[in-house]
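All residue numbers for the sequence shown refer to my numbering, where the first residue is 4 and numbers rise by one.
A virtual CB, placed ideally from N, CA and C, is assigned to each residue, including glycine.
Please read these numbers as outputs of a predicted model, since none were measured by experiment.
Step one of this worksheet: look at the structure below.
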Amino acid sequence: MNGRMTSAALQTLEARVAREIEMTAHPRTEWMVPRLHRGQPALDVLIVGAGQSGLATAFALMRDRVRNILLIDRAEEGREGPWVTYARMPTLRSPKDQTGPDLGLPALTFEAWYDAARGAGSFERLYLIPSGDWHDYLCWYRRVLGLPVRNGVAATAIAPGRLDDGGRCLLVTLSTGEVLAARKLVLATGQDGTGEWWMPDFVRALPADRRAHTCEMIDFERLRGRTVAVLGAGASAMDNACVALEHGARVHLFCRGPEPTLVQRYRWLTFAGFLKHIGDMPDEWRWRIMGTILRAREGFPADTYKRAIAFPDFTLHLGCGWTDARLEEGGLVIETARGPFRADYAICGTGIRHDMRLRPELAPFAGSIALWRDRYAPPAGEEDELLGAYPYLGPDYAFLERVPGEAPFLADIHLFGIGATLSFGASGSSINAMTTAVPKLVAGLTRGLFAGDLERHWKSLQDYDVKQVEIDWDRTVRG
Ligand SMILES: Cc1cc2nc3c(=O)[nH]c(=O)nc-3n(C[C@H](O)[C@H](O)[C@H](O)COP(=O)(O)OP(=O)(O)OC[C@H]3O[C@@H](n4cnc5c(N)ncnc54)[C@H](O)[C@@H]3O)c2cc1C
Numbered sequence: 004m005n006g007r008m009t010s011a012a013l014q015t016l017e018a019r020v021a022r023e024i025e026m027t028a029h030p031r032t033e034w035m036v037p038r039l040h041r042g043q044p045a046l047d048v049l050i051v052g053a054g055q056s057g058l059a060t061a062f063a064l065m066r067d068r069v070r071n072i073l074l075i076d077r078a079e080e081g082r083e084g085p086w087v088t089y090a091r092m093p094t095l096r097s098p099k100d101q102t103g104p105d106l107g108l109p110a111l112t113f114e115a116w117y118d119a120a121r122g123a124g125s126f127e128r129l130y131l132i133p134s135g136d137w138h139d140y141l142c143w144y145r146r147v148l149g150l151p152v153r154n155g156v157a158a159t160a161i162a163p164g165r166l167d168d169g170g171r172c173l174l175v176t177l178s179t180g181e182v183l184a185a186r187k188l189v190l191a192t193g194q195d196g197t198g199e200w201w202m203p204d205f206v207r208a209l210p211a212d213r214r215a216h217t218c219e220m221i222d223f224e225r226l227r228g229r230t231v232a233v234l235g236a237g238a239s240a241m242d243n244a245c246v247a248l249e250h251g252a253r254v255h256l257f258c259r260g261p262e263p264t265l266v267q268r269y270r271w272l273t274f275a276g277f278l279k280h281i282g283d284m285p286d287e288w289r290w291r292i293m294g295t296i297l298r299a300r301e302g303f304p305a306d307t308y309k310r311a312i313a314f315p316d317f318t319l320h321l322g323c324g325w326t327d328a329r330l331e332e333g334g335l336v337i338e339t340a341r342g343p344f345r346a347d348y349a350i351c352g353t354g355i356r357h358d359m360r361l362r363p364e365l366a367p368f369a370g371s372i373a374l375w376r377d378r379y380a381p382p383a384g385e386e387d388e389l390l391g392a393y394p395y396l397g398p399d400y401a402f403l404e405r406v407p408g409e410a411p412f413l414a415d416i417h418l419f420g421i422g423a424t425l426s427f428g429a430s431g432s433s434i435n436a437m438t439t440a441v442p443k444l445v446a447g448l449t450r451g452l453f454a455g456d457l458e459r460h461w462k463s464l465q466d467y468d469v470k471q472v473e474i475d476w477d478r479t480v481r482g
């Protein structure tokens, strides 16, 4: 298919998108009036993070006619999220038929875009979605929906503020020094949005050119002919092992447990009952079910494993965690459960750890945010320190106060990242759950905005005088 035909197909699709949005536009009445901060309109919603979660949230808000919104992302345009940066897999791991950002509009699905962009029937022939294509789809989605994004700016601080009429708002400081006033704030800041990409302290203490986390940009060319030790046996650890092998490195991957995760429990939870309602279930069930799933960690797909074992220079060590590491005679010596191991470079595929004190924008009030360990005491045998550090969110994805009355502004900060997973199951930072989780988040936002405007709505009802019928008083006998 040549470029002209492709762009004609895309134009047709874009017209279909516009038509589908129009056909599903009910209720059409505008209902938001900007509230002022220092004489200027405050944003109704500021979304931090313009990855897939932020974009889909913005689209859902705009469909609900909440359009005085802004997305910001610290990444440059086209570099948001992991897909073309540190996601080192050729295809997505999730099945191609998992819809998400489209929020139910057929013309906005990946399938519709892929067929228009790559030629009719392309989606049918596809096995898994190439990561670069998923990224291109998100870029198209942002453009075709006209989502208001500012790139290259980070949110660096959040503080409570007051609107000119005395109502609540948040003041968000940007890396540019500007301060934005917003009534609601959505943190769609991705996997590490409530903590950090974690690695053991003894690895972190190694010189920066000798170690990396899988989330970092790594110069794999430098690793040619070298011995690379990878800690962790999750999907990203294995992806990084593969890229190192493809660059001619010898790779030893160390799994701490006796076996890697072979059963992907995240697949199990993909049914409407769970996705829609786990967040409404009692704490003990959310803890038990999500704990079981989260503790299992994400295993590597079969294709990723095949990609690695195709190389004779790949060795998988099981039941072999690391206890220490040091630089010795120009090389790394890593102490493992089976004695010292010599390598040139270490990569940690050790995931994330939730600790909001580590996020500059959350740190000043992190201690005021309720965590699961503040709200729920698991029965003996089900304790888990890592799970206890997840934020315990309200039904609208907002942070709750650890001590009521201490930080009421938390009610306007809504978390739509991986930190929401213990409260709601797969939700933020998930393609799988987007079709159910985004509408729920957005209903929470609009509920808050509506509640904050009740006085105005009450007045508007009292002033409402649109007559349905003009009575012909000449034909009427009044008593
Ligand atoms: C390597 C990898 C592979 C994955 N593969 C799959 C898969 O195959 N299938 C699947 O369903 N899921 C997958 N996931 C899970 C999930 O779909 C992704 O993490 C996805 O990127 C989540 O989207 P998001 O919008 O929540 O976060 P992100 O895409 O990470 O976007 C967050 C954005 O927030 C910005 N940001 C963060 N902090 C600030 C700040 N303070 N100020 C301004 N901007 C900020 C970042 O720059 C980033 O662009 C994968 C995750 C990873 C890490």
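Put simply, the backbone Cα of R253 is about 28 Å away from that of L131. Take S125, set aside five residues on each side of it, and the residues of its chain with a beta-carbon closer than 7 Å to its own are Y117, D118, in chain order. Between the region 398-414 and the region 455-474 there are fewer than three inter-stretch CB-CB distances shorter than 8 Å, so the stretches are not counted as touching. By the CB criterion at 8 Å, R227 and Y348 fall outside the cutoff.
By the C-beta density criterion, Y467 is exposed, having fewer than 16 other C-beta atoms within 10 angstroms. In terms of side-chain proximity, the C-beta atom of T192 is found nearer than 7 Å to a non-hydrogen atom of ligand 1. In the same chain as G370, and ignoring 5 residues on each side of it, the C-beta atoms closer than 8 Å to its own belong to R360, R405, in chain order. In the DSSP assignment, S432 forms a beta bridge with S430. D477 and L64 have their C-alpha atoms spaced approximately 48 Å apart. Looking at the DSSP output, P394 bridges to L374. Set against 7 Å, the gap from the CB of E364 to the closest heavy atom of ligand 1 is smaller. When only Cα atoms are considered, Q465 and N154 end up about 43 Å apart. E83 has its Cβ nearer than 7 Å to a heavy atom of ligand 1. DSSP, read as helix, strand or coil, puts C245 in helix.
Within the region 232-295, complete alpha helix (DSSP H) segments of at least 4 residues are found at 238-249, 268-271, 275-280, given in chain order. Rounded to whole angstroms, the gap between the alpha carbons of E262 and L234 is 14 Å. Secondary structure at K470: coil, using DSSP grouped into helix, strand and coil. In the structure shown, P343 falls within a strand segment according to DSSP collapsed to helix, strand and coil.
Shown here, A157 sits in coil according to DSSP, grouped into three states, outside any helix or strand. Within a 10 Å sphere around the beta-carbon of P394 sit 16 or more other beta-carbons, which makes this residue buried.
Note on P343: under 16 other CB atoms within 10 angstroms of its CB, so exposed under the neighbour-count rule.
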